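Novice:
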Amino acid sequence: MGRAFEFRKARKMKRWGQMAKTFTRLGKDITMAVKDGGPDPDSNSRLRALIQNAKAANMPKDNVERAIKKATDKDQGDYKETLFEGYAPHGIAILVETATDNNNRTVANVRSYFNKCNGSLGTSGSVEFMFDHTCNFKIAKHDIDIEELELELIDYGAEEVFEDEDGIMIYGPFESYGALQKTLEEREFEIISSGFERIPNVTKSLSEEETEEVDKLLEKLEEDDDVQNVYHNMV
0 MGRAFEFRKA
10 RKMKRWGQMA
20 KTFTRLGKDI
30 TMAVKDGGPD
40 PDSNSRLRAL
50 IQNAKAANMP
60 KDNVERAIKK
70 ATDKDQGDYK
80 ETLFEGYAPH
90 GIAILVETAT
100 DNNNRTVANV
110 RSYFNKCNGS
120 LGTSGSVEFM
130 FDHTCNFKIA
140 KHDIDIEELE
150 LELIDYGAEE
160 VFEDEDGIMI
170 YGPFESYGAL
180 QKTLEEREFE
190 IISSGFERIP
200 NVTKSLSEEE
210 TEEVDKLLEK
220 LEEDDDVQNV
230 YHNMV
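Okay, so the sequence shown: first residue is 0 according to numbering that gives the first Met the number 0, each after it adds one.
1. DSSP state of Ala-48, grouped into three classes?
2. Given a cut-off of 8 Å on the beta-carbon distance, is the pair Leu-220 and Val-226 in contact?
3. Quick one: grab the DSSP three-state call for Gly-36.
4. Which value, in whole angstroms, describes the spacing of the CA atoms of Leu-46 and Glu-208?
5. For Gly-177, report the span of its alpha helix (DSSP H) as first-last.
6. Just mark Glu-5 as buried or exposed, buried being the case when its beta carbon has 16 or more other beta carbons within 10 Å.
7. Taking 8 Å as the threshold (C-beta atoms), are Lys-69 and Thr-30 in contact?
8. Quick check on the DSSP output: the alpha helix (DSSP H) that includes Lys-203 runs from which residue to which?
9. If you reduce the DSSP assignment to three classes, tell me which class Leu-140 lands in.
10. Taking the alpha-carbon positions, what's the Val-109 to Arg-197 distance?
11. Take every Cβ of the segment 150 to 165, pair it with every Cβ of the segment 111 to 129, and state whether three or more of those distances are shorter than 8 Å.
12. Who are the Cβ neighbours of Asp-100 in its own chain at under 6 Å, not counting the five residues just before and after it?
13. With a cut-off of 8 Å, does the C-beta of His-132 fall near any C-beta of chain B?
14. Please report how far the alpha carbon of Lys-181 lies from the alpha carbon of Glu-151, in whole angstroms.
15. Please report the Cβ distance between Lys-203 and Ile-91, rounded to the nearest whole angstrom; I am assuming they are in contact, meaning their Cβ atoms lie under 8 Å.
16. Tell me whether Val-126 sits in a helix, a strand or coil according to DSSP, three-state version.
17. If the criterion is Cβ atoms closer than 8 Å, does the pair Glu-139 and Gly-171 meet it?
18. Straight-line CA distance for His-132 to Ala-32?
19. First and last residue of the alpha helix (DSSP H) that includes Lys-60?
20. What distance in whole Å lies between the Cβ atoms of Met-168 and Leu-205, which are believed to be in contact at a cut-off of 8 Å?
21. Can you tell me which of Leu-82, Val-106, His-89, Glu-184 puts its alpha carbon nearest to the alpha carbon of Gly-124?
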């Protein structure tokens, strides 16, 4: 198995703890997708994918419709996506993806979390190069050989295909998202969910006590409403 498989296995041990947080994150993503490409999922491929993700996360239909409607509200400000880079204690690299309608608040909050937990917020480019920005799709299991499927999808950017407990995972570079989504839909594979992840190139092991120090920072970041995703290279 490759790095994407190992990364996914590790991430599943530390999923978002609260369902409300997941719904908030998906709601923001849906609102931004509608603002960018319109409210019709048939013509907005990103929105179509997010609605699939919401269904996979058991997000109520009312929440989805509310997020779509919110994007057309004149009083709704635009969310700005910002990537923060820094280090936790013991040299653990951290990337923080945020979506906010108040960037000053988000910057102040993220900086305070790093400072209070003995970390350091870095400059743009200081950590991002240590992670591969990837896209992924989970499709329903089919009566097809995994290696054969991988060979079929390589031309569209797939780099790793493997069986998960409840589907088949497909990973590729961030830039291949559109091509992979298009070919999976054309071939009528059932897409359960899709998204983006940042996989560390090099990981670092810590002692139990050191891990607890890093976890304090990760928890503070993940609890913030403006934070969409947190990635690190600790194992």
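The beta-carbon is built from N, C-alpha and C at its ideal position, and this holds for glycine as well.
For clarity, every value in this text was computed on a predicted model and none was experimentally measured.
Specialist: Taking the structure as given:
1. helix
2. yes
3. Taken through DSSP and simplified to helix, strand or coil, Gly-36 comes out as helix.
4. 42 Å
5. 176 to 185
6. exposed
7. With respect to Lys-69, Thr-30 sits close: the two C-beta atoms are nearer than 8 Å.
8. Per DSSP, Lys-203 belongs to no alpha helix (DSSP H) and is neither H nor E.
9. The sequence given here places Lys at residue 140; Leu does not occur at that position. If DSSP states are grouped into helix, strand and coil, Lys-140 belongs with coil.
10. 19 Å
11. no
12. Answer for Asp-100: Gly-76, Tyr-78, listed in chain order.
13. Judged by its chain identifiers, the structure shown contains no chain B, having just a single protein chain.
14. 14 Å
15. Indeed they touch by this definition, with Cβ atoms about 6 Å apart.
16. coil
17. Per the sequence shown, residue 139 should be read as Ala rather than Glu. Against a cut-off of 8 Å, the Cβ pair of Gly-171 and Ala-139 comes out as no contact.
18. Using only the alpha carbons, I get a separation of about 19 Å.
19. It spans 60 to 70 - the alpha helix (DSSP H) in which Lys-60 sits, taken as one unbroken run.
20. Between Met-168 and Leu-205 the Cβ distance is about 27 Å, and since that is not below 8 Å, they are no contact.
21. Leu-82
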